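In what follows, a structure is listed as structure tokens, so that the remarks can point back to it.
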Amino acid sequence: MMKTLKKYSPKILLFLMLGIIAASCTERIDVELDDTYTRLVVDGQLTGDSTETHTIILTESTSYFYNQPPPPVTNANVSVKGDDGSSILLSEQDPCVYLLPEGFKSKIGVNYSLDIDLEKEIDGHIKYTASSSTPSIGDTVYIGLQYQPDWGEKGYYVVQCYYWDPLGPNWYMFDIYKNDTLLTDTISEKQVVDDTFYDGGFTNGIGVGYLDQSRKDQVLKPGDVISFRASSITEGYANFVWEVQDEVSFSTPLFSGPPANVVGNLSDGAIGYFTSYSVLFASMVFE
3 MMKTLKKYSP KILLFLMLGI IAASCTERID VELDDTYTRL VVDGQLTGDS
53 TETHTIILTE STSYFYNQPP PPVTNANVSV KGDDGSSILL SEQDPCVYLL
103 PEGFKSKIGV NYSLDIDLEK EIDGHIKYTA SSSTPSIGDT VYIGLQYQPD
153 WGEKGYYVVQ CYYWDPLGPN WYMFDIYKND TLLTDTISEK QVVDDTFYDG
203 GFTNGIGVGY LDQSRKDQVL KPGDVISFRA SSITEGYANF VWEVQDEVSF
253 STPLFSGPPA NVVGNLSDGA IGYFTSYSVL FASMVFE
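One point on numbering: in this note's numbering, the residue at position 179 of the sequence shown is 181, and numbering is uninterrupted.
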């Protein structure tokens, strides 16, 4: 007996094809990521704030999926020298944390160099160096707050900066405090701007921080003290922070490239950044 061919509707064929594709997508694929060579990681900022504890932190790089604190680099000789003739040998307070003397502050116009002499070589090197100038900053800065009720679930308060910007290219980084608690405690939360739109002029209340009133730690109540620290930073450090923020920001995994180490200013392949900057503070009481 001859068998007749059955006709299937396009919808049925579509569902069959989707089922086959879905089944193939459940196959497990193990991806092996090779560990790269170990490199020195440096985190060091000198500021014009004499009340701040200034440290240089040295660690080793780790693999992408490493979920422990990075290995500390201990027993190194670390020094900071200024082209004004100053020279400081840092003490190791805790493993990997090298401390400058209490009361230290960087000076505007001074170029500082960082010299690191390791006990054991990393990536074939014992000695590492970096340097940074200390940009100038204006004399006075003022703070303001503006409520935006239509932003987010419960609105936002915009922290505003009023400041006369010196003529010429400048770059600024802002840290926000609530009752002396730093709210921008990670590099991804810091606001970094250049003066393209107000070079040599008045900032007139630009937004430098944003307080989400649906977040418990950012809710403002009468009597709260809101402050910011304005830091005049180098162009190189501004670019470094922007690149770090790009790396840690959300991206679509399917179409984005793999994470990469951000280029810093250390010698011999070390990762991180050494920088010096001047600062101004402004604060107000919320009513």
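Here a beta-carbon is modelled for each residue, glycine too, at the ideal position from N, C-alpha and C.
Predicted model, so just to flag it, every value in this text is computed and none were measured.
| query | result |
| --- | --- |
| Element boundaries [alpha helix (DSSP H), containing Y239] | E237 to V250 |
| Integer-rounded CB distance, given that V143 should sit under 8 Å from V227 | About 16 Å; that fails the 8 Å criterion. |
| Opposing strand residues paired with V210 [DSSP bridges] | DSSP lists no partner for V210. |
| Euclidean distance between Cα positions of T40 and W173 | 32 Å |
| Beta strand (DSSP E) segment containing D125, residue limits | It is not in any beta strand (DSSP E) - D125 carries neither H nor E in the DSSP assignment. |
| Cβ-Cβ distance between P97 and P74 below 7 Å | yes |
| Alpha-carbon to alpha-carbon, D85 and N113 | 6 Å |
| CA-to-CA distance, F176 to G209, given in whole angstroms | 10 Å |
| Buried or exposed (CB count within 10 angstroms, at least 16 for buried), I145 | buried |
| C-beta contact flag for V80 and Y100 at 7 Å | yes |
| Residue from K180, N69 and G274 whose Cα sits closest to the Cα of Y212 | K180 |
| Assigned secondary structure, Q220 (DSSP; H/G/I helix, E/B strand, else coil) | helix |
| Proximity of D152 and D197 at Cβ, strictly below 7 Å | no |
| Cβ-based neighbour list, I128, same chain, cut-off 6 Å, excluding 5 preceding and 5 following | L120 |
| Any chain C beta carbon closer than 7 Å to T40 | Structure shown: chain C not included; a single protein chain is present. |
| Reduced DSSP secondary structure (H/G/I, E/B, other) of E104 | coil |
| At least 3 beta-carbon pairs within less than 8 Å: the region 201-208 vs the region 264-283 | no |
| CA nearest to the CA of A232, picked from G266, V161, S190 and L91 | V161 |
| Simplified DSSP assignment, three categories, for S278 | strand |
| Three-state secondary structure assigned by DSSP to I273 | strand |
| Selection from S229, Y165 and Q215 that minimises the alpha carbon distance to F199 | Y165 |
| Limits of the beta strand (DSSP E) - the one that G163 falls within | The sequence shown places Cys at residue 163, not Gly. Y158 to Y165 is the extent of the beta strand (DSSP E) around C163. |
| Spatial distance of S269 from S115 (CA atoms) | 12 Å |
| Pair within 7 Å by beta-carbon distance, L102 and L91 | no |
| Three-way DSSP call (helix, strand, coil) for I145 in this model | strand |
| Three-way DSSP call (helix, strand, coil) for I189 in this model | helix |
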